Each structure stands twice: as C-alpha cells, then as structure tokens.
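Q: Submitted below is the structure of interest, expressed as structure tokens.
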Amino acid sequence: MLVKFYGLPFYVFAPQVLYMFVFVTKCCLNFFSMKYVKRFLCFAMTTDRKMKAAKAAFDTSVDCGITFFDTAEVYGSRFSFGAINSETLLGRFIKERKVKDPEVEVAVATKYAALPWRLGRQSVLTALKDSLNRLGLSSVELYQLHWPGIWGNEGYIDGLGDAVEQGLVKAVGVSNYSASRLRDAYEKLKKRGIPLASNQVNYSLIYRAPEENGVKAACDELGVTLIAYSPIAQGVLTGKYTPENPPTGPRGQIYTPEFLTKLQPLLNRIKEMGENYSKTNTQVVLNWLAAQENVIPIPGAKNAQQAEEFAGALGWRLTSEEIDELRSLAMEIKPVTGFPVEKL
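If you number the sequence shown the way UniProt numbering does, the last residue is 344 and the count never jumps.
Following this line, the structure appears as structure tokens:
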C-alpha cells in the first residue's frame with residue numbers, strides 16, 4: 001500500500017518538467033498541473049537544452065532523497081505534437097542513474113488516458129503494459145485513470161482492479177474525479193478488496209473548489225488521499241507576476257492585472273512569513289497546502305534549481321495561526337477558474 005511511504009517526497013515526471021509529490025504524513029499518490037493545452041505546448045518544445053535540464057532536475061531530486069516519480073502515457077506522446085514520450089525519458093533516466101548508483105531504488109507511477117475510442121477493462125491492461133515497456137519496468141507502484149471517460153468508466157475501474165490482481169501495480173488511483181465519481185470508483189474497487197489510493201484535483205490557496213464541491217470531504221471520509229495539482233497556481237503564488245507584468249498566453253486570461261492587484265496583500269504576507277523562516281514564497285505556499293489534512297501538493301520543476309527549492313518545503317511547518325491567516329486573506333479574493341473536468 002502506498003500509505004506506507006511515510007515522509008517520502010514524490011515527483012511527477014514529464015519532458016522538461018518535474019512535479020513534486022510531497023509526502024508529509026500519510027500518503028497515496030498522483031498528478032496533473034496545467035490545462036491540457038498548456039501541458040501539450042510544454043511537451044512540444046523538446047530541445048537538447050531542456051532535456052539536459054530535465055535530467056538535472058531528476059538527478060537533483062534523487063540526490064535530495066526524492067525517488068518516487070509520476071508520469072503518464074500522454075506526456076510527450078503523439079498527442080503533444082511528437083515530443084519524446086516522458087515514460088521513455090523517465091525510463092532512460094532511471095537506467096542511467098542505476099548505472100551510476102546501483103543501490104538507488106526509484107519507484108514509478110503512471111496514468112491511463114481515458115480516450116473515447118478506448119473501451120473495456122482490457123484497454124487499461126493493454127495501455128499499462130505498453131507503459132511498462134516504455135519505462136523498462138515489470139510493474140509500477142501506482143496506476144491512475146488520468147481523467148473520467150466520456151463513457152465506459154466502469155470498465156476502466158475493472159481494469160484497475162485487474163492490474164492489481166495481476167501484480168502489475170501495487171496501488172491504483174484516479175484524477176479529476178468529482179465526489180460522486182470518486183465514491184462510485186471507491187465502492188466498485190472495495191467489492192474486490194482493493195483500496196482506492198488517490199484522487200488528484202486542482203487545489204491551491206487561491207483555488208479551493210475541492211473544499212466546496214464535496215471532493216475533499218469525500219476523500220477524507222473514504223481515506224483517499226487528495227493530490228493537489230497547480231499548488232502554486234501556475235507560478236502566480238510565487239510572486240513573479242505583478243499587475244504590471246502579468247503572465248502571457250492562456251494564464252493571462254485567468255490571472256489578469258485586476259486579479260493580480262487584489263492578490264498583492266496575500267502575496268505580501270506570504271513573503272513576510274517566508275522571510276521569518278528563510279523560505280521562498282513557493283516554499284511557504286507548498287507548506288500551507290501540505291498542512292491541510294489528507295492533502296499532498298505537486299509543484300512543477302523544470303530544472304535542478306527548482307527541484308531543490310521544492311525540497312525546501314519539507315522539514316518545517318507554518319504555525320496554525322499562520323495557516324489560518326493565509327486562508328483568511330485568500331478568502332477575500334474571488335477564486336480563479338479551475339479545470340472543467342472536475343465538474344463532470
């Protein structure tokens with residue numbers, strides 16, 4: 001069971017990007033961090049320089065004791081304009097690292113894409129075996145449904161159960177599942193004596209929909225770990241954007257100058273708290289989210305420097321008063337738009 005990986009950090013892996021999965025207390029695991037179009041564009045920009053940065057981020061994470069990585073079959077796949085498949089890349093990095101350090105143990109999680117033409121439990125097993133081939137592994141620690149399908153979801157859940165029983169995975173989870181879908185998946189697996197490990201949804205200090213739509217309550221009730229993607233709101237909570245320098249592209253439609261103006265009091269307080277602990281805004285925000293019960297945040301690292309920064313979110317804790325203060329300040333800001341799949 002993944003809940004036995006106490007105190008371990010976890011990274012989600014994709015070309016040029018790593019996503020950290022911080023195990024703070026008890027845990028089960030997963031991923032996703034940006035809207036699909038943003039994700040695909042990221043994978044399309046495969047260059048030798050970015051490949052080296054990804055390798056450096058991987059090696060730095062392992063050096064920091066982070067040896068659990070999550071990926072997915074669609075990252076860097078033909079769906080992202082021909083960039084190298086991230087499972088293949090992760091498998092290569094693991095193999096190279098083990099040559100350097102034969103004793104290192106790297107655990108892997110990956111995901112099944114619920115594409116409309118994929119039907120039935122066998123499609124899950126077929127996709128999983130293809131993922132294992134790309135990774136160069138005989139099994140993975142966690143296998144997840146990346147998003148709910150348009151149809152055929154019961155068959156997908158059956159496939160997850162089959163994967164556990166065949167010894168291809170140690171645990172299974174879902175991503176972008178609503179409270180009702182989560183309960184259905186949980187009950188279906190429970191009949192086979194298989195626990196549902198995780199559900200990954202958009203969750204951050206300025207996007208708290210899981211608290212309002214019943215997802216977090218369902219996770220807490222059922223013992224399913226909530227994995228928070230976009231925990232630093234696509235970089236907005238780091239403080240690098242201002243009303244005068246807003247993000248460009250799709251993010252600019254969400255994080256407008258008007259929104260960033262209203263966000264400044266919260267960002268200023270985050271910075272003040274960070275200075276008290278000699279921590280960055282990013283580390284404070286991740287620490288806040290990790291302090292929420294049954295929640296594991298996943299930030300994205302593109303290079304060794306970011307990977308090291310995320311590791312600095314571990315080993316300390318905001319006070320309960322500071323946690324409450326940040327929540328109160330965040331509640332004064334109108335929530336941003338989330339990932340639409342969660343509303344299905």
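Beta carbons are placed, not taken as given, at the ideal position from N, Cα and C, and that holds for glycine.
From a predicted model like this one, the values you see are computed outputs, not experimental measurements.
#1: Roughly how many angstroms lie between the CA atoms of R251 and S204, to the nearest whole one?
#2: Is I94 helix, strand or coil by DSSP?
#3: Based on the DSSP secondary-structure assignment, which residues constitute the bridge partners of K111?
#4: Under DSSP, the alpha helix (DSSP H) around P116 begins and ends at which residues?
#5: Is it true that the CB of A179 sits closer than 9 Å to the CB of V215?
#6: Does the pairing of the segment 317-334 with the segment 261-279 give three or more beta-carbon distances under 8 Å?
#7: If you reduce the DSSP assignment to three classes, tell me which class L263 lands in.
#8: Do Y207 and S230 have their C-beta atoms closer together than 9 Å?
#9: Express the C-alpha separation of I254 and G152 in angstroms, rounding to a whole number.
#10: Flag this pair as yes or no: are the beta carbons of G173 and V124 separated by less than 9 Å?
#11: Pick out whichever of N245, K95, S86 and I232 has its Cα sitting closest to the Cα of D130.
#12: Mapping DSSP to helix, strand and coil, what is A330?
#13: Taking its Cβ as the centre, do 16 or more other Cβ atoms sit within 10 Å of I150, making it buried, or is it exposed?
#14: Can you say whether T261 is buried or exposed, counting buried as having 16 or more other CB atoms within 10 angstroms of its CB?
#15: Taking the DSSP output, what are the residues bridged to P297?
#16: Whose C-beta lies closer than 8 Å to the C-beta of C64 among residues of the same chain, with five residues either side of it excluded?
#17: Going along the chain, which unbroken runs of the beta strand (DSSP E) with 3 or more residues stay wholly within the segment 124-177?
#18: Does the Cβ of I134 have 16 or more other Cβ atoms within 10 Å, making it buried, or fewer, making it exposed?
#19: So which of R49, P257 and A56 has the shortest CA-CA distance to N303?
#20: Anyone know if the C-beta pair for Q144 and Q200 falls short of 9 Å?
#21: Please state the DSSP three-state secondary structure of L196.
#22: Kindly indicate the opening and closing residues of the alpha helix (DSSP H) around D63.
#23: Specify the secondary structure class of D70 as computed by DSSP and reduced to three states.
#24: Roughly how many whole angstroms lie between the Cα atoms of A330 and I194?
#25: So, for L189: in the same chain, excluding its five sequence neighbours on each side, which residues have a beta-carbon less than 8 Å away from its beta-carbon?
#26: Assuming S180 is part of the alpha helix (DSSP H), what are its boundary residues?
A: Result, derived from the coordinates:
#1: Taking the first residue of the sequence shown as 1, we reach residue 251 at position 251. Taking the first residue of the sequence shown as 1, we reach residue 204 at position 204. Their backbone Cα atoms lie some 15 Å apart in a straight line.
#2: As a first step, residue 94 is located in the sequence shown; it is residue number 94 there, counting from the start. In the structure shown, I94 sits in a helix (DSSP, three-state: H, G or I).
#3: To locate residue 111, count along the sequence shown from 1; it is residue 111. Q144.
#4: As a first step, residue 116 is located in the sequence shown; it is residue number 116 there, counting from the start. Counting along the chain, P116 falls outside any alpha helix (DSSP H), and DSSP gives it neither H nor E.
#5: The residue given as residue 215 occupies position 215 in the sequence shown. The residue given as residue 179 occupies position 179 in the sequence shown. The Cβ atoms of V215 and A179 sit closer than 9 Å to each other.
#6: yes
#7: For the purposes of this step, residue 263 is identified with residue 263 of the sequence shown, where counting begins at 1. It is helical.
#8: Position 207 of the sequence shown holds residue 207. Position 230 of the sequence shown holds residue 230. The answer is yes: Cβ separation under 9 Å.
#9: Along the sequence shown, read from residue 1 onward, the residue named residue 152 stands at position 152. Along the sequence shown, read from residue 1 onward, the residue named residue 254 stands at position 254. Spanning the two alpha carbons is a distance of roughly 33 Å.
#10: Numbered from 1 along the sequence shown, position 173 holds the residue referred to as residue 173. Numbered from 1 along the sequence shown, position 124 holds the residue referred to as residue 124. It is not a contact, given that the beta carbons lie outside the stated cut-off.
#11: One-based indexing of the sequence shown puts residue 130 at position 130. For D130, the nearest C-alpha among the options comes from S86.
#12: Within the sequence shown, numbered from 1, the residue matching residue 330 stands at position 330. Helix, per DSSP.
#13: Residue mapping note: residue 150 aligns to position 150 of the sequence shown, counting from 1. With fewer than 16 neighbouring CB atoms inside 10 Å of its own CB, I150 falls in the exposed class.
#14: Counting from 1 along the sequence shown, the entry for residue 261 is found at position 261. Exposed, since its Cβ has fewer than 16 Cβ neighbours within 10 Å.
#15: Taking the first residue of the sequence shown as position 1, residue 297 is located at position 297. Per the DSSP secondary-structure output, P297 pairs in a beta bridge with A228.
#16: As a first step, residue 64 is located in the sequence shown; it is residue number 64 there, counting from the start. So the qualifying residues of the chain are P9, A307, E308 and A311.
#17: As far as the segment 124-177 is concerned, its whole beta strand (DSSP E) runs of at least 3 residues are 140-145 and 169-175.
#18: Position 134 of the sequence shown holds residue 134. The sequence as given places Arg at residue 134; Ile does not occur at that position. The residue in question, R134, is buried, as its Cβ has 16 or more Cβ neighbours within 10 Å.
#19: As a first step, residue 303 must be located in the sequence shown, where it is residue number 303. For N303, the closest C-alpha among the options R49, P257 and A56 is that of A56.
#20: By one-based count along the sequence shown, residue 144 stands at place 144. By one-based count along the sequence shown, residue 200 stands at place 200. In contact: Q144 and Q200 (Cβ atoms closer than 9 Å).
#21: By 1-based counting over the sequence shown, the position of residue 196 is 196. Strand at L196.
#22: Along the sequence shown, one-based indexing puts residue 63 at 63. D48 to D63 is the span of the alpha helix (DSSP H), which, as asked, contains D63.
#23: Reading the sequence shown from its first residue, position 70 is the one you call residue 70. D70 falls in the strand class under three-state DSSP.
#24: Within the sequence shown, residue 330 is the residue found at index 330, counting from 1. Within the sequence shown, residue 194 is the residue found at index 194, counting from 1. Going from the Cα of A330 to the Cα of I194 covers about 38 Å.
#25: Counting from one through the sequence shown, the residue named residue 189 turns up at place 189. Contacts found: I157, L160, G161, V172, P195 and L196.
#26: Here residue 180 corresponds to residue number 180 of the sequence shown, with the count starting at 1. Where S180 is concerned, the enclosing alpha helix (DSSP H) stretches over A179 to K190.
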